[in-house]
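Line order of the protein sequences matches chains C and B. If you read the first sequence in the working numbering, its first letter stands for residue 1, the second for the next number, and so on. If you read the second sequence in the working numbering, its first letter stands for residue 1, the second for the next number, and so on. Every residue, glycine too, gets a C-beta built ideally from N, C-alpha and C. The next block holds one structure in the form of C-alpha cells; read it before the comments.
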Amino acid sequence: MKKHYLIFSLIAWLFISCEKDDVCPATTQTTPRVIIEFYDIAAPDEIKAVPGLFAIGLDSNANEVTIHNELVSTRSSIALPLQNNSNQTQFKLYESYDLIDSTVSGNPDIITITYDIESLYISRACGYINNYSIQTFSIASDNDQWMINSEILITQITNENEIHIKVLH
Amino acid sequence: MKMKSISKYFISTLGCLSLLISLNAQEVETKASDSIMVQEKYGLRLGVDLSKVTRSFLETDYMGFEINGDYRLLKRLYVAGEIGSEKKTSNTNYLSSTAKGTYLKAGVDYNMYENWAGMENLIYSGLRFGFSNFTQTLNSYTIYDTNSLTWGQNEVVDTESFSGLTSGWIEILLGIKTEVLNNLFIGFNLQIKARLFESEPDNFENIYIPGFGRTYDSGKFGIGFGYNISYLIPLYKRDR
Numbered sequence: 001m002k003k004h005y006l007i008f009s010l011i012a013w014l015f016i017s018c019e020k021d022d023v024c025p026a027t028t029q030t031t032p033r034v035i036i037e038f039y040d041i042a043a044p045d046e047i048k049a050v051p052g053l054f055a056i057g058l059d060s061n062a063n064e065v066t067i068h069n070e071l072v073s074t075r076s077s078i079a080l081p082l083q084n085n086s087n088q089t090q091f092k093l094y095e096s097y098d099l100i101d102s103t104v105s106g107n108p109d110i111i112t113i114t115y116d117i118e119s120l121y122i123s124r125a126c127g128y129i130n131n132y133s134i135q136t137f138s139i140a141s142d143n144d145q146w147m148i149n150s151e152i153l154i155t156q157i158t159n160e161n162e163i164h165i166k167v168l169h
Numbered sequence: 001m002k003m004k005s006i007s008k009y010f011i012s013t014l015g016c017l018s019l020l021i022s023l024n025a026q027e028v029e030t031k032a033s034d035s036i037m038v039q040e041k042y043g044l045r046l047g048v049d050l051s052k053v054t055r056s057f058l059e060t061d062y063m064g065f066e067i068n069g070d071y072r073l074l075k076r077l078y079v080a081g082e083i084g085s086e087k088k089t090s091n092t093n094y095l096s097s098t099a100k101g102t103y104l105k106a107g108v109d110y111n112m113y114e115n116w117a118g119m120e121n122l123i124y125s126g127l128r129f130g131f132s133n134f135t136q137t138l139n140s141y142t143i144y145d146t147n148s149l150t151w152g153q154n155e156v157v158d159t160e161s162f163s164g165l166t167s168g169w170i171e172i173l174l175g176i177k178t179e180v181l182n183n184l185f186i187g188f189n190l191q192i193k194a195r196l197f198e199s200e201p202d203n204f205e206n207i208y209i210p211g212f213g214r215t216y217d218s219g220k221f222g223i224g225f226g227y228n229i230s231y232l233i234p235l236y237k238r239d240r
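Now the structure itself:
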C-alpha cells in the first residue's frame, strides 16, 4: 500500500507543479522602443527638456500615424516604436506643439531611423520579440530646424532602460 | 528549486525500485507454501494505443500511432516496450509549430497485483527509457510587442524546419491490464517522464517531443497516458 501512496503523491505533486505557460505574462520583456534624449546645444553634456514635445509617426507613404499613448508634454526624452515590417521608420517631432481649433502650431522636424531587425525567441506563450541594430539616424534639414545635431550612443536596441540616441537642440 | 525537484524524483524512483525488490523477496518465500497446481500463460503480448488512434480522428492537429508489446520473463516481471510515431501542431496566441517524429521506449513492467487462481490481470508499475528522433517546424509567429497599436501587429509566416532533433527521457508508468476475453487485454496507464537530454533548435525550443509529449516551461518533466488493447500470444505455461 505504501508504494501506491508514493506513486500517487508523485502524480499529485507533478500536476500541482505544472503551471499555465500558454499565456504570455504581462511582465515579459517586450519589443523595445528607441529612446531619444535631448541635450543642450550650448552645453552638450547637459540634458535640456523640449517644451511641448509631441511625436507623430510617418508611414512609407508619408501619411501621419498616431502613436499610441503619445501625449504633448515638456520632457527631455521620448520612446518611439519602430516598424517591424520595415527597416526604416520616420517620425515628425514637434517642439511647442499646440492644437487650437484644429490648427496645429509648433515647429515640426522629420527624423529618419534605419535599422536591422533581429527576432529573438522568448517562450511558447510570447513567441518572439524584435531587437534592432541602428544603422543611421538623420534629421531632415529645413529653414526652421530645432534639432541641430545628433549622435547614436548605443546601436543595439535591446531594452528601454538605455538612451540610444542623443539629440542636441 | 529545480535541484530539489530532481532529487525528489530520483528518491521516488529509488523508492519504487527498492519496493519492487522487496516484493520479489516476499514472492520467493511464499512460493514454497503454494500447494495448488494452477498454470499461468507466458508469452508475447502485442497491442496498440487506442487513445492515439482516437485522437488522430478527433483532433485536426494531431496524428499518432503506437504499437506496444511485452514479454513475460518471470511471474511478475515483463520486459516491455513501445514504438510509435506522432505529429502534433501546437498553437498559442503568438506561435504555431509542428513536431513530427518517431520514438522508441524500452524497459520493464512489474505486476503488483496478486491474482486469484485462474486470473491473469495486472496492476503494474513500469520503468522505461525513451528516445525520440524528430523534426520541429516553426509555422508562424507574431512579434510580441506591447506597443504594436501604433504600427500594427506583425505576423511572420516564415516556415523554418529544424530536423534531426533528438531527445531521451526516463519514464515511470502506473497501469492496469485486464483480460476481457481469452488472451485479449484492455489497459490504461499513466506515465510520468523526466527528460534526460534534448537537442534544442537554434533560437527556438522543443514545444512537443514525439513520445514524450508537450514540454513545460517549468522544467524537464512531462506526463502522458495510454489506453491500450492487446493480444497475448501464449508461448508456454508455467506453474503458478
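Is it buried or exposed for B/S199, if we count other Cβ within 10 angstroms and need 16 for buried? Taking the first residue of the second sequence as position 1, residue 199 of chain B is located at position 199. Of the other Cβ atoms in all chains shown, fewer than 16 fall within 10 Å of the Cβ of B/S199; this residue is therefore exposed.
Just to confirm before moving on: does the CB-CB distance between C/K166 and C/I41 stay below 9 angstroms? Reading the first sequence from its first residue, position 166 is the one you call residue 166 of chain C. Reading the first sequence from its first residue, position 41 is the one you call residue 41 of chain C. Contact check for C/K166 against C/I41 fails: the beta carbons are separated by 9 angstroms or more.
Short check: CB of B/G242 to CB of B/E171, under 9 angstroms? Lying before the first or after the last residue shown, residue 242 of chain B is absent from chain B, which here runs from 1 to 240.
Under a Cβ-count criterion, where at least 16 other Cβ atoms within 10 Å of its own Cβ denotes burial, should B/T98 be classed as buried or exposed? By 1-based counting over the second sequence, the position of residue 98 of chain B is 98. When all chains shown are included, B/T98 counts as buried.
Chain-order list of residues whose beta-carbon lies under 6 angstroms from that of C/E70 (same chain, five-residue window excluded): The residue you call residue 70 of chain C lines up with position 70 of the first sequence. The beta carbon of C/E70 lies closer than 6 angstroms to those of A55 in the same chain, with the five residues before and after it left out.
Please confirm whether C/A62 has its beta-carbon closer than 9 angstroms to some beta-carbon of chain B. Here residue 62 of chain C is taken as the residue at index 62 of the first sequence, counted from 1. So no, C/A62 is outside the interface.
When Cβ atoms are compared, which residues of the segment 59–83 of chain B fall closer than 7 angstroms to chain C? Going along the segment 59–83 of chain B in chain order, one finds no residue with a Cβ nearer than 7 angstroms to chain C.
Just to confirm, is the Cβ distance from B/Y103 to B/F134 under 9 angstroms? Indexing the second sequence from 1 puts residue 103 of chain B at position 103. Indexing the second sequence from 1 puts residue 134 of chain B at position 134. Yes, the pair counts as a contact, with Cβ atoms nearer than the cut-off.
Around the Cβ of B/W116, are there at least 16 other Cβ atoms within 10 angstroms (buried) or fewer (exposed)? As a working note, residue 116 of chain B is residue 116 in the second sequence. Its Cβ having fewer than 16 others within 10 Å, B/W116 is exposed.
Coil, strand or helix - B/L50 by DSSP: Position 50 of the second sequence, counting from 1, holds the residue named residue 50 of chain B. Three-state DSSP puts B/L50 in a helix.
Mind listing the chain B neighbours of C/L71? Cutoff is C-beta to C-beta under 9 angstroms, in chain order. If you number the first sequence from 1, residue 71 of chain C lands on position 71. Within chain B, no residue comes near C/L71; the closest Cβ sits about 14 angstroms away, beyond 9 angstroms.
Along the chain, where does the beta strand (DSSP E) that runs through B/L74 open and close? On the second sequence, position 74 is the one that residue 74 of chain B refers to. Careful: B/L74 lies outside any beta strand (DSSP E) and carries neither H nor E.
Tell me, please, whether the segment 92–109 of chain C touches the segment 179–196 of chain B by the rule of three or more beta-carbon pairs shorter than 8 angstroms. When Cβ pairs closer than 8 angstroms are counted between the two stretches, the segment 92–109 of chain C is seen not to touch the segment 179–196 of chain B, the count staying below three.
Looking at the secondary structure, which residues open and close the beta strand (DSSP E) in which B/Y216 lies? Translated into the one-based positions of the second sequence, residue 216 of chain B becomes position 216. No beta strand (DSSP E) holds B/Y216; DSSP gives it neither H nor E.
B/L122 versus B/I233, B/G69, B/R128 and B/Y110, residue with shortest Cα-Cα distance: Indexing the second sequence from 1 puts residue 122 of chain B at position 122. Here the closest residue by C-alpha is B/Y110.
Work out the CA separation of B/F212 and B/I192 for me, nearest whole Å. Translated into the one-based positions of the second sequence, residue 192 of chain B becomes position 192. Translated into the one-based positions of the second sequence, residue 212 of chain B becomes position 212. Each residue's Cα considered, the two are about 9 angstroms apart.
Write down the C-beta distance between B/Y94 and B/T146 rounded to the nearest angstrom, noting that I regard them as a contact closer than 8 angstroms. Stepping through the second sequence from its first residue, residue 94 of chain B is reached at position 94. Stepping through the second sequence from its first residue, residue 146 of chain B is reached at position 146. At roughly 12 angstroms, the Cβ-Cβ gap does not stay under 8 angstroms, so B/Y94 and B/T146 are not in contact.
Cα-Cα separation, B/L138 to C/N131: Taking the second sequence and counting its residues from 1, the one referred to as residue 138 of chain B is at position 138. Taking the first sequence and counting its residues from 1, the one referred to as residue 131 of chain C is at position 131. The alpha-carbon separation between B/L138 and C/N131 amounts to approximately 19 angstroms.
So which of B/E82, B/V38, B/D202 and B/R45 has the shortest CA-CA distance to B/F225? Numbered from 1 along the second sequence, position 225 holds the residue referred to as residue 225 of chain B. Nearest Cα to B/F225 within the set B/E82, B/V38, B/D202 and B/R45: B/E82.
Rounded to whole angstroms, what is the Cα-Cα separation between B/S218 and C/T27? Position 218 of the second sequence, counted from the first residue, corresponds to residue 218 of chain B. Position 27 of the first sequence, counted from the first residue, corresponds to residue 27 of chain C. When rounded, the distance between both Cα atoms is 17 angstroms.
So, is C/Q90 buried or exposed, given that buried needs 16 or more other C-beta atoms within 10 angstroms? One-based indexing of the first sequence puts residue 90 of chain C at position 90. Classification for C/Q90: buried.
Would you call the segment 60–79 of chain B and the segment 38–49 of chain B touching, i.e. three or more CB-CB distances under 8 angstroms? Inter-segment contact for the segment 60–79 of chain B and the segment 38–49 of chain B is present: three or more beta-carbon pairs are separated by less than 8 angstroms.
Checking contacts by CB at 9 angstroms: is B/W151 closer than that to chain C? One-based indexing of the second sequence puts residue 151 of chain B at position 151. Yes, because at least one Cβ of chain C sits closer than 9 angstroms to the Cβ of B/W151.
May I ask you to report which of helix, strand or coil DSSP gives B/F204? Position 204 of the second sequence, counting from 1, holds the residue named residue 204 of chain B. Residue state, collapsed to three classes: coil.
Could you check where the beta strand (DSSP E) with C/N149 kicks off and where it finishes? Reading the first sequence from its first residue, position 149 is the one you call residue 149 of chain C. Start and end: N149 to I152.
Which same chain residues, not among the five before or five after B/E205, have their C-beta less than 8 angstroms away from its C-beta? Stepping through the second sequence from its first residue, residue 205 of chain B is reached at position 205. Counting only Cβ-Cβ distances below 8 angstroms, and skipping sequence neighbours, we find T215.
Using the beta-carbon count (16 or more within 10 Å), is C/V23 buried or exposed? Numbered from its first residue, the first sequence carries residue 23 of chain C at position 23. So C/V23 counts as exposed.
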